[in-house]
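Enquirer: Sharing a structure here in structure tokens format.
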Amino acid sequence: MALPLLAAGVMGASAVSSWWSSRSRAAAQRAETREQVRRFEKQAAATVGTATARGGASGIEFDSGSLQNYLTEMTAEFRRQAEWMRKSGYRAASTTQQAGNCGLITDLGSA
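Its first residue numbered 345, the sequence shown is counted upward by one per residue in the numbering used here.
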């Protein structure tokens, strides 16, 4: 009688350990996503700054419609890319965590 209880306890502990590991992996994915987005946004700001400086140095009127449209469109595209990176990374982390939750339920159900 004690052996089946011991086996169930070991299986339950393993299930909880696996679940906790999935939560840790999901947290690491979120942190990595935040860092990737932060780096991308810094690079994008530098790119927009360089484009602004080059546009100003080219002799084109800085307030001209074409230069402003170009800079506005570039900034908007960078913003869309950063948002996509953020959503994609967080979605992957959520999937990792959900898989851990399902694994925990399945493992505990079989213990």
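For each residue, glycine too, the CB sits at the ideal point set by N, CA and C.
1. Just to confirm, are Gly433 and Thr377 a CB contact at a threshold of 7 Å?
2. Report yes if the C-beta distance between Val381 and Ala426 is below 7 Å; otherwise report no.
3. What three-state label does DSSP hand Gly403 in the structure shown?
4. Can the beta-carbon of Thr439 be found less than 7 Å from the beta-carbon of Arg369?
5. In whole angstroms, give me the CA-to-CA distance for Ser408 and Leu415.
6. Would you kindly work out how many angstroms separate the C-alpha atoms of Glu385 and Phe422, rounded to a whole number?
7. How should Gln442 be labelled, buried or exposed, when 16 other C-beta atoms within 10 angstroms of its C-beta is the threshold for buried?
8. Enumerate in chain order the residues of its own chain whose CB-to-CB distance from Leu411 is below 7 Å, with the five nearest sequence positions on each side excluded.
9. Assuming Ser366 and Gly444 are in contact, meaning their beta carbons sit under 8 Å apart, how far apart are those beta carbons, in whole angstroms?
10. Leaving aside the five residues before and after Val392 along the sequence, list all residues of the same chain whose C-beta is less than 8 Å from its C-beta, in chain order.
11. In angstroms with no decimal places, state the Cα-to-Cα distance between Gln373 and Lys431.
Expert: In this structure, then:
1. A contact, by the Cβ cut-off of 7 Å.
2. Taking 7 Å as the Cβ cut-off, Val381 and Ala426 qualify as a contacting pair.
3. Of the three classes helix, strand and coil, the one that applies to Gly403 here is coil, per DSSP.
4. In this structure, Thr439 lies away from Arg369, with their beta-carbon atoms at least 7 Å apart.
5. Approximately 11 Å, taken between the alpha carbons.
6. Cα to Cα, Glu385 sits roughly 8 Å from Phe422.
7. Counting Cβ neighbours within 10 Å, Gln442 comes out exposed, since fewer than 16 surround it.
8. Gly399 and Ile404.
9. Confirmed, about 2 Å.
10. When the five nearest sequence neighbours on each side are left out, the beta carbons in the same chain lying within less than 8 Å of the beta carbon of Val392 are those of Leu415, Met418, Thr419 and Phe422, in order along the chain.
11. Approximately 12 Å, taken between the alpha carbons.
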